[in-house]
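Here the structure is laid out as structure tokens; the discussion comes afterwards.
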Amino acid sequence: MPKRREQPRREPRELGELPYADHLEPFKGRLAQGGDYDTVLFDGGEFEDADASGARFIESAFASVTFAGGRYRRARFSDVWLNGVRWVGGDLTESVWADAEIVMSAPAGTALPGAEMNHVLFHRCKLDSINFRAADLREVSFVECTLRDVDFAGAALTGVTFPGSTLERVRFDKARMSRVDLRGAVSLGISDGYDALRGATISGVQLMELAPMFAHILGVTVDDG
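Here's what the structure looks like:
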């Protein structure tokens, strides 16, 4: 039987702690479709409306980088580290993320429909109006993050956790959940998809907070009179 992989790290690493840190080379040139970016350090700078669809980023680090728009459809990010990254807009449809750490970053209005995320850590990030529709998230942790207007409609969530995170107007309609742990969430603001919580674990306090909506969905009238 293959050895089960561990949950993603809850404490992110510093740049110098990455196993490939000594091999990183500064980025030069421009992003291109189908490009290979292996052990590359993207330090600062802004990429505006770049087209790196199908590109592969392997054992690379992004520090204080801004992405404005652009196309990264089916790009692959494997064993990457992002810290202080701003991603405004942008099309990352069906992109693949594996063994990634995303720290103190702020994606906003970014489209990731059909994306695959496996063993990904979001740590102290602010996610605003992110489209995860029909995405496949496995062993993903949102630690001390704010998720505002994030759309998980039709997504598959397996082993996803939200310790210390705030959820505001998050959509889960038609999502499929397995081993999803919501107990650590500071607040649980769900705008749609309460019935998709089957397969998730919540706390007793959260159950009491959600009880009125559950009763509404089931058509139950609560009357203490």
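Basically the numbering used here = 1-based index in the sequence shown + 28.
The C-beta atom is built at its ideal place from N, Cα and C for all residues, glycine as well.
Note that the structure is predicted; figures quoted are calculated from it, not measured.
Worksheet entry | Own chain residues within Cβ distance below 8 Å of M132, not counting five before or after | For M132, where only same-chain residues beyond five positions count, the Cβ hits under 8 Å are N111, G112, H151, R152, C153.
Worksheet item: Taking buried to mean at least 16 other C-beta atoms within 10 Å of its own C-beta, is R58 buried or exposed?
Response: With fewer than 16 Cβ atoms within 10 Å of its Cβ, R58 is classed as exposed.
Fill in: Outcome for L179 when other beta-carbon atoms lying within 10 angstroms are tallied against a minimum of 16
The sequence shown places Asp at residue 179, rather than the Leu named in the question. Looking at its Cβ environment, which holds 16 or more other Cβ atoms inside 10 Å, D179 is buried.
Worksheet item: Helix, strand or coil for I130 per DSSP?
Response: Under the three-state reduction of DSSP, I130 is assigned to strand.
Practice prompt. Pick helix, strand or coil for F55, following the three-state DSSP scheme.
Written response: Coil.
Practice prompt. Indicate the three-state DSSP secondary structure (helix, strand or coil) for D77 in the structure shown.
Written response: D77: coil per DSSP, three-state reduction.
Fill in: Own chain partners of A78 with C-beta closer than 6 Å, once the 5 adjacent residues on each side are dropped
The answer, listed in chain order, is L59, G98.
Discussion item. Between which residues of its own chain and A228 is the CB-CB distance below 6 Å, once the five residues before and five after are set aside?
Written reply: The residues are M205, V208, L210.
Worksheet item: From K202 to E39, what does the alpha carbon distance come to, in whole angstroms?
Response: E39 has its alpha-carbon roughly 31 Å from the corresponding atom of K202.
Fill in: 8 Å Cβ cutoff met for L259 and L195
Not covered by the structure: residue 259. The range shown for the chain is 29 to 253.
Worksheet entry | Helix, strand or coil at D201 according to DSSP, with G and I counted as helix | It is coil, neither helix nor strand.
Fill in: Exposure label - D119; buried when at least 16 CB within 10 Å
Taking all protein chains shown into account, D119 has 16 or more neighbouring C-beta atoms within 10 Å of its C-beta and is therefore buried.
Worksheet item: What three-state label does DSSP hand D177 in the structure shown?
Response: Of the three classes helix, strand and coil, the one that applies to D177 here is coil, per DSSP.
Worksheet item: Ends of the beta strand (DSSP E) at G72?
Response: Element bounds for G72: n/a, residue is neither H nor E.
Worksheet item: Straight-line CA distance for I245 to A134?
Response: Each residue's Cα considered, the two are about 34 Å apart.
Discussion item. Let me check understanding here. Comparing Cα to Cα, which of E87, M241, G217, R101 lies closest to R199?
Written reply: Out of E87, M241, G217, R101, G217 has the C-alpha closest to the C-alpha of R199.
Worksheet item: Using DSSP with H/G/I as helix, E/B as strand and the rest coil, what is L149?
Response: Taken through DSSP and simplified to helix, strand or coil, L149 comes out as strand.
Worksheet item: Assuming R102 contacts E87 under a Cβ cut-off of 8 Å, what Cβ separation, rounded to an integer in Å, is found between them?
Response: Not confirmed; about 19 Å, so no contact.
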